[in-house]
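Take a look at the structure below.
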Amino acid sequence: IIVTSWPDDSKVAALAASPHVALTFDTTEFPFKVLSLRGQTTITLDDDVTSACLPVFQRYFGPEGGQAWAARMSQMTDRIARIAIRPTWVEVLDFETRFPRGMARRMSAAQA
């Protein structure tokens with residue numbers, strides 16, 4: 082997983098001091114789907130702000146809007162922090178076939 086940030090943001094300093102992270106991605110409608118992961122980060126500073134940010138910006142703003150945002154970013158900074166997250170643990174919950182362990186225990190106990 083790759084994310085970018087301003088090089089002087091507090092999260093970059095925090096991750097440089099302790100590279101361990103936890104992330105959760107989830108949906109908002111039932112049946113909920115959740116991806117949780119823990120991992121280690123590696124931070125590199127990239128001098129090519131446009132190429133580092135362009136794929137994400139184009140995904141959310143389309144080709145032209147993404148290019149415009151990337152151009153704007155490159156005017157605000159000459160470097161971007163590229164944060165690579167390598168998962169070391171992953172769990173998927175879909176609330177149809179796989180529930181949180183505590184909920185699964187209680188559901189089994191209630192059926193007994």
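Here the sequence shown is numbered in this note's numbering, starting from 82 and rising by one per residue.
Every residue, glycine too, gets a C-beta built ideally from N, C-alpha and C.
Asked, Found
"6 Å Cβ shell around V173 - same chain, five flanking residues per side excluded", "L116"
"Cβ pair count under 8 Å reaching 3, the region 159-176 against the region 103-119", "yes"
"Beta-carbon proximity check, T131 vs A103, cutoff 9 Å", "no"
"Length of the line joining the Cα atoms of T122 and R160", "18 Å"
"T109 versus A193 - alpha carbon distance", "31 Å"
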